[in-house]
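Trainee: Heads up: the protein sequence lines correspond to chains A and B, in order. Quick note: the numbering used here has the first sequence finishing at residue 1423, numbered continuously throughout. Quick note: the numbering used here has the second sequence finishing at residue 175, numbered continuously throughout. Virtual Cβ for every residue (Gly too), placed ideally from N, Cα, C. In this text, all values refer to a predicted model and were calculated from it rather than measured experimentally.
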Amino acid sequence: AQSVSQHNHHVILSEAASLELGCNYSYGGTVNLFWYVQYPGQHLQLLLKYFSGDPLVKGIKGFEAEFIKSKFSFNLRKPSVQWSDTAEYFCAVNPYPDTGRRALTFGSGTRLQVQP
Amino acid sequence: DGGITQSPKYLFRKEGQNVTLSCEQNLNHDAMYWYRQDPGQGLRLIYYSQIVNDFQKGDIAEGYSVSREKKESFPLTVTSAQKNPTAFYLCASRPRTSGGRDIQYFGAGTRLSVL
């Protein structure tokens, strides 16, 4: 079974600081990779995804993530955070091709607090 | 608007009581999921259903039950056997695509507390 580790549980940054959130997964085969974001009081929504091809993927709101297969990592980055980026961020994976369950395995989440 | 509707937003359960959380989607998705979110633990899979009249246990199914009588609906019952039900419950759905390269969409969640 796959698992996902997010090492940063709570991150506090000032506006305009750069952000990198770590995500590592354990699974021996091919995976689909996702970052979801949960803004206060809002739905969990997709930030970006990686299925195949260019390992550097761009998402909404200036976020990007890089898939490094050799490190089993899919770290999320943003060059300059804003107060509105305050949220909880979840990394998630599922195997490809799917094993039938087609459910996501989530990391424990990182709470990002951006101070104005 | 297309989406996933969860109700109620807040729910309180008394000791020994069963409660049912509603999840409805109008996205015409085949697969539906229930996750439980606890602080510092991310989301854990309770039950999932790939098609109508079929569902499977996830990683933490004990104390929960589901039904899938209609494509649009996937209610979750938290039974009295669930000893620690206080959590945020999220319903999700997903279209059926080849190989599983698709995206899950989430509802707004139900926060369940024990009285």
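1. Within 8 Å, do at least three Cβ pairs link the stretch 1385 to 1398 of chain A to the stretch 1308 to 1325 of chain A?
2. State the CB to CB distance for the pair B/F72 and B/S173, rounded to an integer number of angstroms; the pair is presumed to be in contact (CB under 8 Å).
3. On the three-state DSSP scale, how would you describe A/G1414?
4. Starting from the C-beta of A/G1336, find all residues in its chain whose C-beta is less than 8 Å away, skip the five residues before and the five after it, and write them out in chain order.
5. What do you get for A/S1325, buried or exposed, if any count of 16 or more other CB atoms within 10 angstroms of its CB means buried?
6. Run down chain B in chain order and give the residues with a C-beta less than 8 Å from the C-beta of A/G1414.
7. Please confirm if B/F134 has its CB atom under 9 Å from at least one CB of chain A.
8. On a Cα-Cα basis, can you pick out the residue from B/R128, B/Q77 and B/Q101 that is closest to B/Q142?
9. In this structure, what does DSSP give as the bridge partners for B/I64?
10. Go to A/H1317, then tell me how far its beta strand (DSSP E) extends in each direction, as first and last residue.
11. Any idea which residues DSSP pairs B/I163 with across the strands?
12. Does the beta-carbon of B/Y165 have 16 or more other beta-carbons within 10 angstroms, so that it is buried, or is it exposed?
13. Work out the CA separation of A/S1321 and B/E132 for me, nearest whole Å.
14. Kindly give me the distance between the Cβ atoms of B/R96 and B/N113, rounded to whole angstroms, as I take these residues to be in contact under 8 Å.
15. With DSSP as the reference, label A/S1391 as helix, strand or coil.
16. Which residue wins for smallest C-alpha separation from A/S1391, given the options A/G1416, A/S1377 and A/F1370?
17. Mind listing the chain A neighbours of B/G76? Cutoff is C-beta to C-beta under 8 Å, in chain order.
18. From A/I1367 to B/E75, what does the alpha carbon distance come to, in whole angstroms?
Mentor: Concretely, from the data shown:
1. yes
2. Mapped onto the second sequence, residue 72 of chain B falls at position 12. Mapped onto the second sequence, residue 173 of chain B falls at position 113. Cβ-Cβ separation between B/F72 and B/S173: approximately 5 Å, consistent with a contact (criterion under 8 Å).
3. By 1-based counting over the first sequence, the position of residue 1414 of chain A is 107. Looking at A/G1414 - three-state DSSP - the assignment turns out to be coil, as it is neither helix nor strand.
4. Here residue 1336 of chain A corresponds to residue number 29 of the first sequence, with the count starting at 1. Non-local beta-carbon contacts of A/G1336 in its own chain, meaning distances under 8 Å to residues more than five positions away in sequence, involve P1402 and Y1403 in chain order.
5. In the first sequence, counting from the first residue as 1, residue 1325 of chain A sits at position 18. Under this definition A/S1325 is an exposed residue.
6. Here residue 1414 of chain A corresponds to residue number 107 of the first sequence, with the count starting at 1. Under the 8 Å cutoff, chain B gives G102.
7. Numbered from its first residue, the second sequence carries residue 134 of chain B at position 74. It does not: the Cβ of B/F134 has no partner Cβ on chain A nearer than 9 Å.
8. Along the second sequence, one-based indexing puts residue 142 of chain B at 82. The candidate whose alpha carbon is nearest that of B/Q142 is B/Q77.
9. Indexing the second sequence from 1 puts residue 64 of chain B at position 4. B/I64 pairs with B/Q85.
10. Working through the first sequence from its first residue, we reach residue 1317 of chain A at position 10. From DSSP, the beta strand (DSSP E) with A/H1317 extends over H1317 to S1321.
11. Mapped onto the second sequence, residue 163 of chain B falls at position 103. When beta bridges are read from the DSSP output, B/I163 appears opposite no residue.
12. Within the second sequence, residue 165 of chain B is the residue found at index 105, counting from 1. Under this definition B/Y165 is a buried residue.
13. By 1-based counting over the second sequence, the position of residue 132 of chain B is 72. By 1-based counting over the first sequence, the position of residue 1321 of chain A is 14. Taking the straight line from one Cα to the other gives about 43 Å.
14. As a first step, residue 96 of chain B must be located in the second sequence, where it is residue number 36. As a first step, residue 113 of chain B must be located in the second sequence, where it is residue number 53. Between B/N113 and B/R96 the Cβ distance is about 24 Å, and since that is not below 8 Å, they are no contact.
15. Numbered from 1 along the first sequence, position 84 holds the residue referred to as residue 1391 of chain A. In the structure shown, A/S1391 sits in a helix (DSSP, three-state: H, G or I).
16. Within the first sequence, the letter at position 84 stands for residue 1391 of chain A. Comparing Cα-Cα distances from A/S1391 to each of A/G1416, A/S1377 and A/F1370, the minimum goes to A/F1370.
17. Start at 1 with the first residue of the second sequence, and residue 76 of chain B comes out as number 16. Those within 8 Å of B/G76 in chain A number zero; the least Cβ separation is about 30 Å.
18. Counting from one through the first sequence, the residue named residue 1367 of chain A turns up at place 60. Counting from one through the second sequence, the residue named residue 75 of chain B turns up at place 15. Using only the alpha carbons, I get a separation of about 43 Å.
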